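Enquirer:
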Ligand SMILES: Nc1ncnc2c1ncn2[C@@H]1O[C@H](COP(=O)(O)OP(=O)(O)OP(=O)(O)O)[C@@H](O)[C@H]1O
Ligand SMILES: [Mg+2]
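Residue numbers (this note's numbering), protein chains in the order written: chain D, 59 to 435; chain S, 8 to 324.
1) Using beta carbons (cut-off 8 Å, strictly below), is residue 21/D in contact with chain S?
2) So the candidates are 65/D, 67/D, 69/D, 76/D; which of them puts its Cα closest to the Cα of residue 262/D?
3) Got a sec: does ligand 1 put a non-hydrogen atom nearer than 7 Å to the Cβ of residue 50/S?
4) For residue 28/S, is the beta carbon positioned less than 7 Å from some heavy atom of ligand 1?
5) Can you list the residues near ligand 2, meaning Cβ strictly closer than 7 Å to any non-hydrogen atom, in the order they appear in the chain?
6) State the CB to CB distance for the pair residue 364/D and residue 352/D, rounded to an integer number of angstroms; the pair is presumed to be in contact (CB under 8 Å).
7) Would you grab the beta carbon distance between residue 428/D and residue 321/D for me? Rounded to a whole angstrom, and I think it's under 8 Å.
8) Would you mind stating whether residue 308/S and residue 214/S have Cβ atoms separated by less than 8 Å?
9) Report, in whole angstroms, the separation of the C-beta atoms of residue 274/S and residue 41/S, which I expect to be a contact under 8 Å.
10) Here's the rule: buried if 16 or more other CB atoms are within 10 angstroms of the residue's CB, otherwise exposed. What is residue 112/S?
11) Locate the beta strand (DSSP E) running through residue 263/S, then write down its first and last residues.
12) Using a Cβ cut-off of 7 Å, which residues of the segment 149-160 of chain S contact any Cβ in chain D, in chain order?
13) Consult DSSP for residue 155/S and reduce its assignment to one of helix, strand or coil.
14) Which residue's Cα is closest to the Cα of residue 305/S: 46/S, 84/S, 256/S?
15) Quick check on residue 403/D: does DSSP put it in helix, strand or coil?
16) Within 8 Å (strictly less), CB to CB, does residue 271/D reach chain S?
17) What do you get for residue 251/D, buried or exposed, if any count of 16 or more other CB atoms within 10 angstroms of its CB means buried?
18) Taking 8 Å as the threshold (C-beta atoms), are residue 166/D and residue 210/D in contact?
19) Less than 8 Å between the beta carbons of residue 91/S and residue 161/S, yes or no?
20) Helix, strand or coil for residue 343/D, going by three-state DSSP, please let me know.
21) Which of the residues in the segment 75-91 of chain D, read from start to end, lie with their CB under 7 Å from any CB of chain S?
22) Using only alpha-carbon positions, find the residue among 424/D, 426/D, 97/D that is nearest to residue 368/D.
23) Taking DSSP as the reference, what is the three-state secondary structure of residue 73/S?
24) Residues of chain S with CB under 9 Å from residue 319/D, in chain order?
25) Do you know offhand how far residue 170/S's Cα is from residue 220/S's?
26) Where residue 105/S and residue 190/S are concerned, what is the direct C-alpha to C-alpha distance, given to the nearest angstrom?
27) Could you tell me the alpha carbon to alpha carbon distance between residue 271/D and residue 37/S, rounded to whole angstroms?
28) Rounded to whole angstroms, what's the CA-CA distance from residue 168/D to residue 129/D? Just pull it up for me.
29) Any beta carbon of chain D sitting closer than 8 Å to that of residue 99/S?
30) For residue 201/D, go through chain S and note every residue whose CB falls closer than 9 Å to its CB, in chain order.
31) On the criterion of 16 or more Cβ atoms from any shown chain inside 10 Å, does residue 41/D qualify as buried, or is it exposed?
32) Listing by chain order, which chain D residues have their CB less than 9 Å from the CB of residue 103/S?
33) If you follow the beta strand (DSSP E) that residue 114/D is in, where does it begin and where does it stop?
34) For residue 240/S, which beta-bridge partners are listed by DSSP?
35) By the 7 Å beta-carbon criterion, what residues does the segment 254-285 of chain D contribute toward chain S?
36) Got a sec? Which residues, its chain only, sit under 8 Å from residue 12/S by beta carbon, not counting five neighbours each side?
Written out as structure tokens, the structure reads:
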């Protein structure tokens, strides 16, 4: 019996063949490298705008006085609005419909006079009223009105000269303010590495098994540990490349403030280990290439949507949150975010231990079920 | 150490069951070093099962198999570097070229200085070195498979149906390669459906069916010991001849050229038929009497209905 069960040169030979097969197959390259980047660009762009949104605001100034100009000026200074004047000669409602505007603020004709009267009288019980013509069916108009009201309240308070009675100051639990994109990128990394590892190992192994290449390999000195390690290392190399590309794009396009540290490598490695191993087990259990892929789908989709890739798990109902906590991908997500956003080593370690234990179990099962190097009944 | 036994392969009472089916049923044989041994049998005879047990890929249900003096169930990793295998329906990595495939397999065997050029020359693939596997024709794929089986300079080469699916020209090219290997002193173990292949290449042919060995020996011996009948062919005959022969109790057949073939157990019968034909006044332009070839021996041994076409022969064995 040959006691050497790991052969470095055999593993190297396998990785060379895998990498060559990879870059010669252009569609695989696209899905592996370009697709996650496209996801980041699309979702990043959508949510970027929502994060520091500058609202389009149309104002119809019927008063055309110094006071009304000052009000427009003050709103402009708040830096939350991109103000477009609407001609006083048009009907605001019709204009909003025609131009698909969801909000027009109308400054009344008597704005300056009413304001002067109230200031002179020194009482503010009945305020001067601005009219907001809005489209209730428009997505996001409520937020816009909220922001507008806040801006107006501030202007009011400054004009009346009273200091605010209650003030509040936000203190983030994180060291830095973080945006959706910073939440999103680690999730996409975890998901992209998971799907590529799972499908990479299911597809390659099922195909090679079906074509009989594995049978040929089992008449060579390669051992099953060589084979599994080759698969894992190859997937890890690709995962590192694809993660690097995702991060580079995120930094270049969105200037994300994500911490890069050793944890990133740890979680990418564990992600690969766990899901390559799982893929190998599926291949063995399902036997047919199609049913192995179907089984991989069945495992992957719940994980993609329920383990906090696209939105925080806390947004889901309680029972789904409990469910999320048994999904391995949840711990990769949480771990990566702990490492890259909050830089919380304790939390990262906890997640690493959980996903590490899972990966170890799957790896051992993978070795036990994988069929190469003979020893089959 | 009995590692240098006279035999390259020794199989004793080998049996393999698959859930109620005996794919291999208590077979024994031995192959000397440098010998070419062919396992001949119809589909499902158990050829691949036997080869794969010899290759250490499958485990026997019972029996003992020794390769180069080592037990296949215990010395897998000592045996493997010394044998080369062309599995049935060889396949390889689609996007890897001929040269890269040979390099890859050389690395699996940890060969320091593999002679890739020499291998490509041997199987006539030199001008295809840079072609990816998926773009090779069936015959070229098969030849690459043989080259792959040789990367570790094995002492025994196993070839499971090396010429199945090849056109006649490609088959002859493959035979050349195999004869070359034989000349170089390799022990060859091959399975095939083709008699002429076994007849041409093998020193020993073993005919198997339903997991059992029906006959074994050199092609000449096999023909000699099983050729207990004659094949008579009558050329350019008129149609009445067929009826005459049939009425005499024989089983004539038309072959693809329109000639009448009839298998006869006794030399006497030849004379009787000729007399009968002459008396009827029918004519024929040619007559050919010969011993059966290995193909007919194979059919006789493996096809139950075949025997009935040879009048006067009692069920053999
Ligand atoms: N893994 C298996 N499980 C169950 N039955 C099997 C298995 N492999 C082969 N058999 C059966 O064993 C018998 C022998 O099969 P084997 O492949 O050895 O035949 P073969 O002589 O190589 O045939 P062919 O000329 O078609 O390649 C067949 O009846 C086949 O169906
Ligand atoms: Mg076969």
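We put the CB at the ideal spot given by N, CA and C, even for glycine. Since the structure is predicted, the reported quantities are computational estimates derived from the model, not experimental observations.
Expert: Once the coordinates are examined:
1) Nothing can be reported for residue 21/D: it is not among the residues displayed for chain D, which extend from 59 to 435.
2) As a working note, residue 262/D is residue 204 in the first chain. Residue 76/D is the option with its Cα nearest to residue 262/D.
3) Position 43 of the second chain holds residue 50/S. Residue 50/S Cβ: within cutoff of ligand 1.
4) Here residue 28/S corresponds to residue number 21 of the second chain, with the count starting at 1. Flag set: Cβ of residue 28/S near ligand 1.
5) 54/S, 55/S, 95/S, 167/S, 168/S, 198/S
6) On the first chain, position 306 is the one that residue 364/D refers to. On the first chain, position 294 is the one that residue 352/D refers to. Not quite, the Cβ-Cβ distance comes to about 19 Å (not below 8 Å), so this is no contact.
7) Your numbering for residue 428/D matches position 370 in the first chain. Your numbering for residue 321/D matches position 263 in the first chain. Contact flag wrong, Cβ pair sits at about 29 Å.
8) On the second chain, residue 308/S is found 301 positions in, with the first residue counted as 1. On the second chain, residue 214/S is found 207 positions in, with the first residue counted as 1. Cβ atoms of residue 308/S and residue 214/S: closer than 8 Å.
9) To locate residue 274/S, count along the second chain from 1; it is residue 267. To locate residue 41/S, count along the second chain from 1; it is residue 34. Contact flag wrong, Cβ pair sits at about 40 Å.
10) Here residue 112/S refers to the residue found at position 105 when the second chain is read from its first residue. So residue 112/S counts as buried.
11) Counting from 1 along the second chain, the entry for residue 263/S is found at position 256. Careful: residue 263/S lies outside any beta strand (DSSP E) and carries neither H nor E.
12) none
13) Position 148 of the second chain holds residue 155/S. Note: residue 155/S maps to helix in three-state DSSP.
14) The residue given as residue 305/S occupies position 298 in the second chain. The shortest Cα separation from residue 305/S among 46/S, 84/S, 256/S belongs to 46/S.
15) By 1-based counting over the first chain, the position of residue 403/D is 345. Reduced to three states, the DSSP call for residue 403/D is helix.
16) Along the first chain, read from residue 1 onward, the residue named residue 271/D stands at position 213. Yes, contact with chain S.
17) Taking the first chain and counting its residues from 1, one reaches residue 251/D at position 193. Buried, by the Cβ-count rule.
18) Mapped onto the first chain, residue 210/D falls at position 152. Mapped onto the first chain, residue 166/D falls at position 108. The answer is no: Cβ separation not under 8 Å.
19) As a working mapping, residue 91/S is identified with position 84 in the second chain. As a working mapping, residue 161/S is identified with position 154 in the second chain. In contact: residue 91/S and residue 161/S (Cβ atoms closer than 8 Å).
20) The count along the first chain starts at 1 and reaches residue 343/D at position 285. It is helical.
21) 75, 78, 79, 82, 83
22) Locating residue 368/D in the first chain gives position 310, counting from the first residue. For the residues 424/D, 426/D, 97/D, the minimum Cα distance to residue 368/D belongs to 97/D.
23) Position 66 of the second chain, counted from the first residue, corresponds to residue 73/S. Residue state, collapsed to three classes: strand.
24) As a working mapping, residue 319/D is identified with position 261 in the first chain. Ordered by position in chain S, no residue passes the 9 Å Cβ test against residue 319/D, which lies about 36 Å from the chain.
25) Here residue 170/S refers to the residue found at position 163 when the second chain is read from its first residue. Here residue 220/S refers to the residue found at position 213 when the second chain is read from its first residue. Those two C-alpha atoms are separated by around 22 Å.
26) Within the second chain, numbered from 1, the residue matching residue 105/S stands at position 98. Within the second chain, numbered from 1, the residue matching residue 190/S stands at position 183. Each residue's alpha carbon lies about 25 Å from the other.
27) Taking the first chain and counting its residues from 1, the one referred to as residue 271/D is at position 213. Taking the second chain and counting its residues from 1, the one referred to as residue 37/S is at position 30. Computed Cα separation, rounded: 29 Å.
28) Position 110 of the first chain holds residue 168/D. Position 71 of the first chain holds residue 129/D. Using only the alpha carbons, I get a separation of about 14 Å.
29) Position 92 of the second chain, counting from 1, holds the residue named residue 99/S. For residue 99/S, the answer is yes, since a Cβ of chain D falls inside 8 Å of its Cβ.
30) Working through the first chain from its first residue, we reach residue 201/D at position 143. Simply none; closest approach about 52 Å.
31) Nothing about residue 41/D can be read from this structure; chain D reaches only from 59 to 435.
32) As a position in the second chain, residue 103/S is number 96, starting the count at 1. Simply 75, 78, 79, 82.
33) Position 56 of the first chain, counting from 1, holds the residue named residue 114/D. Residue 114/D -> beta strand (DSSP E) spans 113-119.
34) Residue mapping note: residue 240/S aligns to position 233 of the second chain, counting from 1. Looking at the DSSP assignment, residue 240/S forms a beta bridge with 268/S, 295/S.
35) 269, 270, 271, 273, 274, 276, 277, 278, 279, 280
36) In the second chain, residue 12/S corresponds to position 5, counting from 1. Closer than 8 Å at Cβ, skipping near neighbours: 73, 75, 76.
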